[in-house]
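Residue numbers (the working numbering): 640 to 742.
(1) Give the range of the beta strand (DSSP E) segment to which residue 653 is assigned.
(2) Given residue 650, which residues of its chain have a CB within under 8 angstroms of its CB, disregarding the five upstream and five downstream residues?
(3) Would a C-beta distance cut-off of 8 angstroms place residue 708 and residue 714 closer than the cut-off?
(4) Of the choices 686, 683, 698, 678, whose alpha-carbon is the least far from that of residue 644?
(5) According to DSSP, is residue 714 helix, strand or coil?
(6) Which same chain residues, not among the five before or five after residue 656, have their C-beta less than 8 angstroms away from its C-beta?
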């Protein structure tokens with residue numbers, strides 16, 4: 640799968656294995672994720688999203704092969720989005736990409 644939904648404490652982001660990076664610089668709420676997913680995949684995509692969210696809520700990752708948030712971090716830390724995470728610790732990665740920011 641080219642994209643994996645990551646979930647941590649009510650925050651969401653998408654990891655893409657194509658560029659080993661995160662889609663967004665800031666985490667999304669569930670409503671924001673659903674809105675984006677519908678735009679990208681239509682109403683049929685929303686049906687698929689249910690299973691992906693179940694996995695993400697249970698394990699932190701929607702990946703069916705067992706890829707974890709930690710695995711995505713390991714991929715990202717060597718070049719996520721053109722090296723934006725180089726040098727970030729795992730906790731800093733979570734803070735940056737999987738923590739909701741109050742606006």
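Glycine residues also receive a C-beta, built at the ideal position from the N, C-alpha and C atoms.
According to the structure shown:
(1) 650 to 655
(2) 666, 667, 668, 737, 738, 739
(3) no
(4) 698
(5) helix
(6) 640, 641, 642, 643, 714
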